[in-house]
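Start counting at 1 in the sequence shown, then tack on 46, and there's your number in the numbering used here.
Every residue gets a Cβ at the ideal spot worked out from N, C-alpha and C, and that includes glycine.
As the structure is a prediction and not an experimental result, all values here were calculated from the model.
Data first, discussion second: the structure below is written as structure tokens.
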Amino acid sequence: MISSEIGKEVIKKELPLIPKLPGVYRMLNSKNEILYVGKAKNLPNRLKSYIAEKNHIIRTERMLSQTKKIEITTTSNESEALLLEANLIKKYKPKFNILLRDDKSFPFIFIGNKDKWPQIKRHRGKKAKEGFYFGPFASAGSANWTIKMIQKIFHLRVCDDTVFKNRERPCILYQIKRCSGPCVGYIKKEEYKRSVDDAIEFVSGKSRRIQKNLSNQMEKASEDLDFERAVILRDRIKALNIIQSSQKINEANLVEADVIAGYKESGKTCVQVFFYRSKQNWGNQAFFPKHDPDEKLSNILNSFVSQFYENKNVPSIIILSEDIKEKNLIEKTLSKKESKQVNISIAKKGSKLKVINQAIKNAKDSLNRKLYESQNNKDLFDSISKKFNLEANISLIEVYDNSHIQGTNSVGALIAFGDEGFIKKRYRKFNIKKKDNEQDDYGMMREVLNRRFKRAIQEKDNFLSFPDLVMIDGGKGQYSSARETMNELGLHDIPVIAIAKGKYRNSGDETFFHNGKDYKFEKNDPTLFFLQRIRDESHRFAISAHRAKRKKGITKSLLDQIQGVGSMRKRSLLNHFGSARAVESASLDEIKSVDGVEEKVAKKIYNFFHE
47 MISSEIGKEV
57 IKKELPLIPK
67 LPGVYRMLNS
77 KNEILYVGKA
87 KNLPNRLKSY
97 IAEKNHIIRT
107 ERMLSQTKKI
117 EITTTSNESE
127 ALLLEANLIK
137 KYKPKFNILL
147 RDDKSFPFIF
157 IGNKDKWPQI
167 KRHRGKKAKE
177 GFYFGPFASA
187 GSANWTIKMI
197 QKIFHLRVCD
207 DTVFKNRERP
217 CILYQIKRCS
227 GPCVGYIKKE
237 EYKRSVDDAI
247 EFVSGKSRRI
257 QKNLSNQMEK
267 ASEDLDFERA
277 VILRDRIKAL
287 NIIQSSQKIN
297 EANLVEADVI
307 AGYKESGKTC
317 VQVFFYRSKQ
327 NWGNQAFFPK
337 HDPDEKLSNI
347 LNSFVSQFYE
357 NKNVPSIIIL
367 SEDIKEKNLI
377 EKTLSKKESK
387 QVNISIAKKG
397 SKLKVINQAI
407 KNAKDSLNRK
417 LYESQNNKDL
427 FDSISKKFNL
437 EANISLIEVY
447 DNSHIQGTNS
457 VGALIAFGDE
467 GFIKKRYRKF
477 NIKKKDNEQD
487 DYGMMREVLN
497 RRFKRAIQEK
507 DNFLSFPDLV
517 MIDGGKGQYS
527 SARETMNELG
537 LHDIPVIAIA
547 KGKYRNSGDE
557 TFFHNGKDYK
567 FEKNDPTLFF
577 LQRIRDESHR
587 FAISAHRAKR
597 KKGITKSLLD
607 QIQGVGSMRK
617 RSLLNHFGSA
627 RAVESASLDE
637 IKSVDGVEEK
647 VAKKIYNFFH
657 E
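Given below as structure tokens:
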């Protein structure tokens, strides 16, 4: 029977020691795992409520029954507590908190303003470089599409600096009228700068002025009988019309806003976020927070907003589909964080309500698809259990594959699939450490499984929980090797299945090995298609890891062997000379002329090649 008295006693003992200040508290279990993170304006008052209330909801009862320890962190105010709470929830993912599964930063478009010939590119992560950032975009696809349109209209370069500095003739982008060829001097610096300024104005929402300007230039070019330039300007105007018609100004006239709507059904929730910038819809993204099935939608949205903006830029306006209890606190905290006024409003009428209703519809559709996929996946898991006579229910499968070329750059790969699809955060790659295993497929598999499961058995940092089923890409030999390894680790109860391609390696003729038996599926069996799909994903991931390792090896040069030449100096030397062989042929004075290479290092480089 669940008893909350255990946790209440822990709180009673700690209360006299807790200061009457704002802060964050953490409930921990007997293994020192964080069960729950909460915040409070007054820590003792909040913790007293756990003792005073007699009828807690089931989730709180379960949490208190497992609580063996409390940790607190005081803050100077409630806003700091809110930000710290969101940070700790994201970091530790406590099982009794509402969790936003958000492991991605959103892409921006970046145009540098310090370069002589600014480049336009997609950017993620910290905004360390000086320049203009536009976003966020909901996906890499929507950012790429906008960059493509900007290329068509303004002909800005997308190539990186190394390629740009070493070109002798323009690339294909110049030929298809998506670049003005600044790398080979086909455009004057002043004209290119005008194009950059126009592109910045365009993504800032001033497309009408740009269109008028282009039209005036086209008319002037026609009057001057410069028909070639007039045709180029006409094509730019045409591309501008395409982007304007596909990114219509939104009905609510939202200049800079995020629209956040939630929909809950069958104990699951989808939250849709629409990004509006420069009066345009820059895409939307669906999120599926983890929460108790009985949690209220308003509480889910409240937690979502505080966690979502913990590490992201905040727009001036946030429009929600539901009222949230901490609206004023979150508003105040985000305004302070961004050093600007942030307003959170609930859409109730007019054009904003239309935008929210559209977002709710998207959330409903996304959730229905997710629920259907989850149910479909559960049915497939059941059919696997039935086919291979597995005793335990399946909700998590791990698939292993190896990749190498004649024993070089050997890599083992692990992918995971659960009720809701592929779990990318559980993907792992293993660089094979033992030389003897590099040309031995069985040895590679043994090493990978040993390293993966020993970590879990020993409960080392960032270990993965055990799967319900292990799948190996291979035949009888691979199966025997994997099963033996798992048994040696004491993991007899985790079933292993090997999947081998047919005689002619054609898809559909796979043989499966499990517990000393061979299994086949009918060619049109949905379970076979499913197993092929997750096998192919493991193969894709293994090959991509192998290629990355190979590429890393290829990019190593003679310069890596010279003491004092790190990645920055290596890049400067290669940008200046083009190759390590050209550095070898250079004189001491030529090496000294490279930015960042002082005389002492230049002598080392020169002596390395000439001693």
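*Would you mind sorting P513 into buried or exposed? The rule is 16 or more other CB atoms within 10 Å of its CB.*
buried
*Who are the near neighbours of S250 in its chain, counting only those whose CB is closer than 6 Å to its CB and skipping five residues on each side?*
S324
*Using the Cα positions of R108 and N123, report the straight-line distance between them to the nearest angstrom.*
30 Å
*Tell me whether the beta-carbon of E493 lies closer than 8 Å to the beta-carbon of K475.*
no
*Can we say the segment 576–592 touches the segment 455–469, given the rule of at least three CB pairs closer than 8 Å?*
yes
*Are the beta-carbon atoms belonging to I157 and I166 less than 8 Å from one another?*
yes
*Are the segment 354–370 and the segment 111–119 in contact at 8 Å, needing three or more beta carbon pairs?*
no
_Can you look up G489 in the DSSP assignment and give me helix, strand or coil?_
helix
*Could you give the distance in angstroms between the alpha-carbon of L574 and the alpha-carbon of K547?*
12 Å
*Return the first residue and the last residue of the alpha helix (DSSP H) that L130 is part of.*
E124 to Y138
*asked:* Rounding to the nearest angstrom, what Cα-Cα distance links H201 and R224 in this structure?
replied: 5 Å
*asked:* Rounding to the nearest angstrom, what Cα-Cα distance links G227 and I233 in this structure?
replied: 7 Å
*Below 8 Å on the Cβ atoms is my guess for K522 versus F567; work out the distance and round it to an integer in Å.*
18 Å between Cβ atoms; not a contact.
*Could you say which of L61, K314, V70 and R105 lies nearest to S50 if we only look at CA atoms?*
R105
_Contacting residues, own chain, Cβ-Cβ under 8 Å from I346 (five flanking each side not counted)_ = I144, G308, K310, T315, V317, P335 and H337
*Can you tell me where the beta strand (DSSP E) with N423 in it begins and where it stops?*
Note, N423: premise wrong, no beta strand (DSSP E); alpha helix (DSSP H) at G396 to K433.
*Are the segment 395–409 and the segment 372–383 touching, with three or more C-beta to C-beta distances below 8 Å?*
no
*Could you check the C-alpha separation between P361 and A303 for me, to the nearest Å?*
5 Å
*Alpha carbon to alpha carbon, how far is A502 from N78? Give it in angstroms, no decimals.*
17 Å
_I believe I218 touches I193 by the beta-carbon criterion, under 8 Å. Please report the beta-carbon distance rounded to the nearest angstrom._
That belief does not hold up - the Cβ atoms of I218 and I193 are roughly 16 Å apart, past 8 Å.
*Considering only residues of the same chain and omitting the five flanking positions on each side of S188, which have a CB-CB separation below 7 Å?*
W328 and G329
*Quick one: measure Cβ to Cβ for V70 and V56, integer angstroms, because I've assumed they're closer than 8 Å.*
Actually they do not touch by this definition, with Cβ atoms about 17 Å apart.
*Does the Cβ of I222 have 16 or more other Cβ atoms within 10 Å, making it buried, or fewer, making it exposed?*
exposed
*Can you list, in chain order, the stretches of the beta strand (DSSP E) that have 3 or more residues and sit fully within the segment 173–251?*
177–180
*Could you check the C-alpha separation between G464 and K87 for me, to the nearest Å?*
39 Å
*So is F180 buried or exposed if we call it buried at 16+ other beta carbons inside 10 Å?*
buried
_Helix, strand or coil, according to DSSP, for T704 in the structure here?_
The chain is shown only over 47 to 657; residue 704 falls outside these bounds and no answer can be derived.
_Exposure of Q504, with buried meaning 16 or more beta-carbon neighbours within 10 Å_ = exposed
_Whole-angstrom distance between E214 and I600, CA atom to CA atom_ = For I600, the pLDDT reaches just 45, beneath the cut-off of 50, and the residue's location in the model is therefore unreliable, leaving the point undetermined.
_Straight-line Cα distance separating Q263 from F210_ = 28 Å
*asked:* Rounding to the nearest angstrom, what Cα-Cα distance links E466 and S429 in this structure?
replied: 17 Å
*Length of the line joining the Cα atoms of E636 and N653*: 14 Å
*Per DSSP, M517 is paired with what?*
V445 and I543
_Assess contact between the segment 342–359 and the segment 272–287, defined as three or more Cβ pairs (one per stretch) separated by less than 8 Å. Is contact present?_
no
*What residue range is occupied by the uninterrupted beta strand (DSSP E) comprising H560?*
T557 to H560
*Provide the residue span of the alpha helix (DSSP H) that contains L93, from first to last.*
L89 to A98
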